[in-house]
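Take a look at the structure below.
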Amino acid sequence: MLLNCLAKQIRALPSTFAAACRMSSVATENAEFTEVEEPPMVYGGYTNLRQAWVSNLDTVKENPSTIIDLHPQVFGSRPRIDIIHENIVWQRKYRYVSYANTKVTAEVNMSSKKPWPQKGQGRARHGTRRSPLFKGGSVIHGPRSHTTHFYMLPFYKRVYGLTSTLSVKLIQDDLHIVKNLDLPSDDPSYINDLVDSRLWGPSVLFIDDTDTMPRNISLALNQIKHMNLMPVYGLNVYSMLKYETLVLTVAAVKKIQERLLYQLHRPDVHQATKKFMLNMQN
Amino acid sequence: MTSFTNKNVLNLLRNLPRLSISNLRNNDGAVKKNKRGRAQHGGDKHGHGNKGSKARQNFMRPGYETGNTPFYMKFPREQYYRDHHVKRQYPPLSLATLQQMIDMNRIDITKPIDLSVLCNTGLYNIKPEDKHFGVNLIDEVSFFLLSFNNIVMGADNFKAKINIEVQWTSESTIAAIERNGGVITTSFFDVNSLFILINPKKFFQRGEAIPRRMIPPEDAILYYSSAANRGYLADPEKISWERFVLAQKYGYKLPKIEDDPDYDMLVSRKDQRQIFYGLEPGWVVNLKDKVILKPTDPQLKEFYRS
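Quick note, the sequences are listed as chains L and S, same order.
All letters in the first sequence, in the order written, are residues 1 to 282 by the UniProt record's numbering.
All letters in the second sequence, in the order written, are residues 1 to 306 by the UniProt record's numbering.
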């Protein structure tokens with residue numbers, strides 16, 4: 001019965017964990033394999049609960065201690081690639097301002113004199129050399145600066161963007177969960193070795209629930225340009241895809257789950273999905 | 001969307017290359033391009049031929065029959081919809097929906113229910129600007145529940161004991177509520193009071209004094225002063241008689257409100273001039289400092305007294 005349960009869990013885990021020999025050695029080695037008593041997770045029941053190992057950062061060798069249950073609506077949702085794409089396009093565009101500019105006829109710096117008399121020359125009639133018909137003249141329908149490309153993606157596209165990306169990251173074995181971000185040293189080579197030996201990255205995004213990060217990891221990652229730290233409130237689709245591996249702390253997982261489940265099931269949906277106004281107050 | 005994830009969809013991704021910014025794309029046909037071509041690519045007439053009414057979008061007005069007497073003018077009118085734009089509307093709410101809101105903890109039945117509570121559930125809303133004058137509590141299944149594929153008759157399945165204030169209702173609805181030991185009142189709110197009632201927070205943020213509720217217009221006085229309709233202007237003695245009459249008619253035993261443990265809740269009613277339970281006209285609710293300011297000037301007091 002117990003074996004059966006374990007086998008079920010193994011099947012639910014990402015593929016690298018499925019190496020059965022490794023599983024058995026981990027299970028026997030870890031004397032401090034503690035089950036954390038928590039209320040059962042409420043979810044649809046039509047999908048399997050997602051699970052992942054809770055790993056550590058204090059040794060280079062991976063030493064997973066417990067298994068964490070992940071809500072299937074957050075970490076096992078339908079991977080909507082189109083919604084992820086729309087999120088990426090939105091994140092690129094909403095901060096983009098185009099400064100491309102062309103001059104209209106009045107702005108062209110040229111003589112305003114009539115180039116030649118109206119009649120008698122056998123040439124076409126013209127009143128100004130600034131017109132778009134002339135070389136060096138104005139441009140019709142050209143770009144005018146500063147053109148903002150800001151728009152707001154619909155609220156639930158933003159929410160589903162996050163759940164889709166988290167689910168894709170988990171199933172592709174690019175999402176790892178650690179107890180905390182405490183490192184034994186602030187030496188960048190330590191975290192480099194750790195990432196190399198675990199076949200993470202090379203680019204890694206570490207996410208914690210607070211924005212005051214531990215000292216060692218802050219100093220170490222300061223030296224490494226392709227790894228970064230981020231609080232939960234900064235979690236976004238673009239960064240999750242920009243970095244190859246996503247490392248969440250247990251606290252971050254709890255907070256992300258709580259926030260996203262609230263947004264997926266909030267009673268005042270009409271408040272959240274209101275038309276976006278620049279001067280709106282939440 | 002998220003509850004019913006096909007496992008195969010996720011397992012497919014497990015064996016595919018890593019999803020990254022560079023290998024994303026949108027669904028085919030998700031972004032529509034403007035079909036109006038420019039220059040040599042269909043820029044001449046844009047598919048609208050040469051001259052004439054079709055090129056100029058010169059569409060005939062609806063009903064026009066190019067010189068014939070139009071059909072709509074051939075026969076004498078029967079004005080079924082005369083004055084429809086000024087008639088009062090009462091968007092319906094089913095007893096079954098109300099029961100579901102109560103079961104889902106969207107409504108607290110230990111307190112009196114009014115339009116404010118119903119609108120705060122987020123499941124029911126009215127638009128006073130569209131001549132909606134409040135809720136019409138009906139005993140049938142409303143559209144809201146049909147969408148859940150859960151067809152139950154409202155009146156038969158209503159089990160809650162509530163004190164509810166509605167703007168319009170029917171005899172069978174009254175019977176369904178009173179059979180369970182509840183109390184129902186029909187009461188009128190003018191447009192200004194309705195705007196305040198459906199979104200109290202917005203009104204309190206304005207920092208204005210709560211106004212007096214206006215009395216019903218001439219054509220509504222009769223409805224709201226009728227004991228059979230449980231009108232708020234009706235004589236309480238007559239209402240208790242009508243409660244008894246209705247119980248006889250529908251054949252149920254009227255529960256005694258006097259012996260009920262929730263007696264205070266069940267008998268609480270708004271004043272004729274009152275908009276909110278517990279708040280009188282003339283008071284100012286200060287949300288920032290969380291205090292209620294009451295008028296002290298005798299002239300003001302006299303004005304706000306009903």
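Even glycine gets a Cβ: it sits at the ideal position worked out from N, Cα and C.
Please read all numbers here as calculations on a predicted model, not as lab measurements.
- Following the DSSP letters along the chain, one finds I164 (chain S) inside the beta strand (DSSP E) bounded by residues 163-166.
- By the CB criterion at 8 Å, G161 (chain L) and I84 (chain L) fall inside the cutoff.
- Take I162 (chain S), set aside five residues on each side of it, and the residues of its chain with a beta-carbon closer than 6 Å to its own are I109, I113, G182, in chain order.
- Pairing I198 (chain S) with I88 (chain L), the inter-Cα distance amounts to about 39 Å.
- Taking 7 Å as the Cβ-Cβ cut-off, the region 15-35 of chain S approaches chain L at R18, L19, S20, I21, L24, R25, N26, N27, A30, given in chain order.
- For Q172 (chain L), the neighbours in chain S by C-beta distance under 7 Å run, in chain order, L13, R14, R18, L19.
- Scanning L:T148, L:V204, L:Q281 for the CA closest to the CA of Y94 (chain L) turns up L:T148.
- Of the candidates S:F189, S:S225, S:E302, S:K238, the residue whose Cα lies closest to the Cα of Y90 (chain S) is S:F189.
- Of all residues in the region 221-238 of chain L, those with a C-beta nearer than 9 Å to a C-beta of chain S are Y238, reading in chain order.
- Taking a contact to require three or more Cβ pairs closer than 8 Å, the region 151-159 of chain L and the region 184-193 of chain L do not qualify as touching.
- The residue among L:E86, L:P202, L:T66, L:K254 with its C-alpha nearest the C-alpha of V159 (chain L) is L:E86.
- Within chain L, the residues placing a beta-carbon under 8 Å from that of V9 (chain S) are R78, P79, ordered along the chain.
- By the criterion of a C-beta distance shorter than 8 Å, L261 (chain L) is surrounded in its chain by H71, Q73, V74, once the five residues flanking it on both sides are discounted.
- For M265 (chain S), the uninterrupted alpha helix (DSSP H) segment begins and ends at 263-267.
- In the three-state reduction of the DSSP assignment, L293 (chain S) falls in the strand class, which pools E and B.
- The alpha-carbon separation between V204 (chain L) and I292 (chain S) amounts to approximately 54 Å.
- Remark: C-beta atoms of R273 (chain S) and R213 (chain S) approach each other more closely than 8 Å.
- Contact annotation: T185 (chain S) and E165 (chain S) have beta-carbon atoms nearer than 8 Å.
- Across the set S:G42, S:S187, S:N105, S:Q248, the C-alpha of S:S187 shows the shortest separation from the C-alpha of G231 (chain S).
- Nearest in C-alpha terms to I210 (chain S), of all of S:G52, S:K202, S:P236, is S:K202.
- Linking Y250 (chain S) to V191 (chain S) through their CA atoms gives a straight-line distance of about 35 Å.
- When the Cα atoms are used, A155 (chain S) and Q263 (chain L) turn out to be separated by approximately 34 Å.
- The C-alpha of N8 (chain S) is placed about 11 Å away from the C-alpha of N15 (chain S).
- In the three-state DSSP reduction, Q99 (chain S) falls in the helix class (H, G or I).
- At least 8 Å separates the CB of V250 (chain L) from every CB of chain S.
- At a cut-off of 8 Å between beta-carbon atoms, G42 (chain S) makes no contact with chain L.
- In this structure, the alpha-carbon of I215 (chain S) lies about 50 Å from that of Y43 (chain L).
- Between the alpha carbons of M41 (chain L) and W53 (chain L) lies a distance of about 17 Å.
- For Q51 (chain L), the enclosing beta strand (DSSP E) covers residues 50-55.
- Looking at the DSSP output, D208 (chain L) shares a beta bridge with L:P231.
- Contact of H141 (chain L) with chain S is not assigned, every C-beta pair being separated by 8 Å or more.
- In this structure I171 (chain L) touches L10 (chain S) by the C-beta definition: roughly 5 Å separates them, less than 8 Å.
- In this structure, A176 (chain S) sits near F158 (chain S), with a CB-CB distance shorter than 8 Å.
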